[in-house]
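In mature numbering (1 follows the signal peptide of the UniProt record, and there is no 0), the protein residues as written are -20 to -1, 1 to 1112.
Since the structure comes first, as structure tokens, the remarks are kept for the end.
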């Protein structure tokens, strides 16, 4: 559609030279009004010159390109005014006499002394700059042929009733008031006096009643439009009347000579706290296609009895116009408004019948809010002198279908469904004519025949269809080219020559203005693109069915995408409130009573898991599974609940080509996208608000991604089914770019979904990461092209982009500005074969937090980052902020990166390498370290190094707290390590000994340490095996390049050097259920047990379920509370 807009720009540039500065020409009763005609546009230099030009006898086109402020031009008058009833925000009354206690008031004289406009004047604003302030206009005394266009009138003593009228019509004829804005006046915005108003068209104006001085005491202006007159004929069309409280408009009077004929069509009334139409006697009125939105009283009850009124509110009313006017009228529509009773005065239609050539065409009332708001007021002029609506008829193979095209500042084309069925043979008749022509009014298709009179008629030949193929134009574009040819009044060249020239010019102009790309049909905007709709079905019930709440395509984003967003946000808000409460409320309060039991129940749900040993698989906690079930129910209900899944199209009724189930699935899937990216980021807002660290959000990242993919499939297959049924699949694939961009996006999404499953991910984690990022880029790019400018689709990409960009920027700002690029790590091999990475740094971290580390000097691995948990804590001996601590990681060589790193360290025993660090992330709740009465730390295999910060933190806590008071229980720490490698057990005890020797013996005696060597058990009973599931970067299979542990496999040397009363050795796997039960049984009422686990999945499942059981028991007795932290080997 971009090339059509470009062509209209070309024609508009030419038209502007002929039409001077007046845009368009009047329709309705003021048709033929020319104003100043072709006079040279003039720009006044002063207030006096503007007044002189308006009042003299010379035909003029007067351009207003600035604010002309007449407010104090004629000074002020001080007098006594009647008080208002809305102190302090009402209007005082300027009256000669007053029955009440008067109030002093001062008003500006200019507002009560309007400029008297003479005949043959065009007063036109430039862009949005034309403003006349503080003074109105009077057109009367025999003055005729006046155009007032694109002017903002404001500031006429708004605080005083009788402070001034903006435009007065009193003894005139042929007046066009178009695209103006009226606000802040003391009295009427437009008023006709007792003299004739003549033939008047009031079109596309904005009546803004917002005021600080309201006679109706509600912040809305009461005096809007008052039409009295003698012999007056009004066309009132396309106006936006909002925030007023009355006379919107009032018309009619009991003066016997008065006669008002009024056609009100396609006006938008919004937020009216009083009444809109107030119709008196001596009026003949037709109201059709008006939209009342939040209007208390659309029409006063007296209007129904005193006037000759025909208002359309039913099918019968609409059809009743046909005999008198020759066309079917449009309904008036109400939204959150008072009643609008039917009134079908035959006298009104009989009176209007002689003037039916002056009755302008309507468009569908459903389009009124969007179209009027986009077009009414100043600065919104269209470029060309064409009627605002056209209708195009197609006759493929003799069957008529139709679709309307609106031109109201922008072109909006609602004919893709129809054109998609024309195939490649466009041979037929394409006709277009001005919408106010009799035969192009919307009606049953059977009323249109090939013999109907038509001002222009073009036969589309096979050669011209071939022209379309040679130019690469789509069916829609080719049809638009013909439309341009038909409606262009200045084109007198043969159509073949026109096609060749226009296609070239349009293509060149498109490249210049960059209105579109081969991928995008619309300019990139984020305001809800092209929500224009008009029902083209023949029966009202069919239109109502098409617009059903759960079926209406043009509101699908609001009815499916926004609820999906609301669902996710509701979950985030709930968890955020729980997180805030946990930090704000005193711990003593949340451990007792109803709050304590509720927290215990939620902890039970967040600990309990389901394990399938055969697959070595642990489920997410039961509570998370329940949350997933809620999400599943939500998506199933929203997807499968609304009916129908496919439109019940027939040969006579075509509701559309987008299956409703595909539409809603697409919008819900799109709404998932920001949350997929939000849960993927290491630094993200969800973690900030909920306290759930990024690695624990990975389960939600995967689940939302699964939902996203399933919805994408549900979106895709109904289109395939529909197009195969209609024999259109090949054409859609060849002609519609969004078909194959959608397929590319779906393929990339399938890779993202299935390649992320653990078995595939662990085959080669480095390749997984690279392909995951690449597939995500391809997916987002082609999904963006696929969505194009559909409603608010691009808003979701903007949200996704903002979330991703903030996360990326935050991480990299921390990497390069907080941590810097000067860190150097010392790498060595520990006695058990682990790689020890020690980084002197000024950064700080806490227990169980992890960093993403990039170690330079490893070839292709220089570009990769890997997560490792800190196995040390910042030094407490630092005297200055500039003092450095040693950040230590212990890495078990497995495969891939860690294998290459081990080989590199072995060949360079004193290796120093430059590193970049990102973090810290995750960690445990520090209150569990500082406030627990008993701590139980359980580790398996390579999780041994993870234990060291817990020992250090516990001893630091005891050192800080000092001696335990008499009678108080002493905090304790119990450590359980299980490993099948004796070297790991020996190394672990040696490292622990070094930590213990750094603290007082009084403190270290509170620690119990037990090690379980499991290597001597049968393979089926071994706790930690070579195949245990660990973080892929940290682990993998042993390779020939890896070096075996250097320490002796015996446990005795280290064991004998430790205090035998504090260490116990076992050669069997620990009974973790019993261990947890014993620790839980040791706490008393009000005390807390904190359990920390780092190990394989079987260990995590045993401990989690044991803690869940004990937590439930304690909840019943109120004896205590248990906190559980699981450190997963595999979460990425």
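A virtual CB, placed ideally from N, CA and C, is assigned to each residue, including glycine.
DSSP places residue 38 outside both helix and strand once states are collapsed to three, so it counts as coil. In chain order, 1056, 1057, 1060, 1102 place their CB closer than 7 Å to the CB of residue 1090, counting only its own chain and leaving out the 5 sequence neighbours on each side.
The shortest C-alpha to C-alpha distance from residue 87 to any of 157, 537, 140, 600 is the one to 140.
Taking C-beta atoms as the reference points, residue 125 and residue 150 fail to come closer than 9 Å. For residue 132, the enclosing beta strand (DSSP E) covers residues 132 to 134. In chain order, 42, 128 place their CB closer than 6 Å to the CB of residue 103, counting only its own chain and leaving out the 5 sequence neighbours on each side. A residue is called buried when at least 16 other Cβ atoms come within 10 angstroms of its Cβ; residue 564 does not meet this threshold and is exposed.
Judged by DSSP secondary structure, residue 85 falls within the beta strand (DSSP E) whose first and last residues are 83 to 88. Cβ-Cβ separation between residue 70 and residue 193: approximately 6 Å, consistent with a contact (criterion under 8 Å).
Look at residue 986 here: in three-state DSSP terms it is coil, with no helix or strand label. With contacts defined as CB atoms closer than 9 Å, residue 209 and residue 233 qualify as a contacting pair.
The alpha-carbon separation between residue 845 and residue 835 amounts to approximately 8 Å. Excluding its 5 nearest sequence neighbours in each direction, residue 1105 has C-beta neighbours in its own chain below 6 Å: 904, 1072, listed in chain order.
Three or more Cβ pairs closer than 8 Å define a contact, and the segment 685 to 696 meets that threshold against the segment 634 to 652. When the beta-carbon positions are compared, residue 974 and residue 901 stay at least 9 Å from each other. By the Cβ-count criterion, residue 609 is exposed, with fewer than 16 other Cβ atoms from all chains shown falling within 10 Å of its own Cβ.
Taking a contact to require three or more Cβ pairs closer than 8 Å, the segment 697 to 714 and the segment 731 to 740 do not qualify as touching.
Taking residue 206 as the centre and dropping the five residues before and after it, the same chain places the C-beta of 168, 171, 227, 230 closer than 6 Å to its C-beta, in chain order. Classified as exposed, residue 668 has fewer than 16 neighbouring CB atoms from the shown chains inside 10 Å of its CB. Cβ neighbours of residue 531 within its own chain (closer than 6 Å, five residues either side excluded): 640. A distance below 7 Å between beta-carbons, with the five flanking residues on each side excluded, links residue 686 to the following residues of its chain, in chain order: 733. Going by C-alpha positions, residue 156 is about 9 Å away from residue 179.
DSSP places residue 971 inside the alpha helix (DSSP H), whose first and last residues are 962 to 976. Between residue 109 and residue 47, the CB-CB gap stays under 9 Å. As a beta-bridge residue in DSSP terms, residue 291 pairs with 267, 323.
Distance from residue 894 to residue 803 at the Cβ level is roughly 7 Å; contact confirmed, criterion being Cβ atoms closer than 8 Å. By the CB criterion at 9 Å, residue 931 and residue 972 fall inside the cutoff.
Nearest to residue 312 by C-alpha distance, out of 607, 1096, 249, 736, is 249.
For residue 138, the three-state secondary structure derived from DSSP is coil. 9 Å or more divides the Cβ of residue 625 from the Cβ of residue 543. Proximity to residue 888 across 825, 536, 661, 807 peaks at 807, based on C-alpha coordinates. By the beta-carbon neighbour count (other beta carbons within 10 angstroms, threshold 16), residue 1107 is buried. Take residue 287, set aside five residues on each side of it, and the residues of its chain with a beta-carbon closer than 7 Å to its own are 232, 259, 260, 261, 263, 265, in chain order. Fully contained in the segment 224 to 272 are the following beta strand (DSSP E) runs of length 3 or more, in chain order: 239 to 245, 248 to 259, 263 to 268. In the structure shown, the three-state DSSP call for residue 193 is coil. Rounded to whole angstroms, the Cβ separation of residue 917 and residue 871 is 20 Å, and the two are not in contact under 8 Å.
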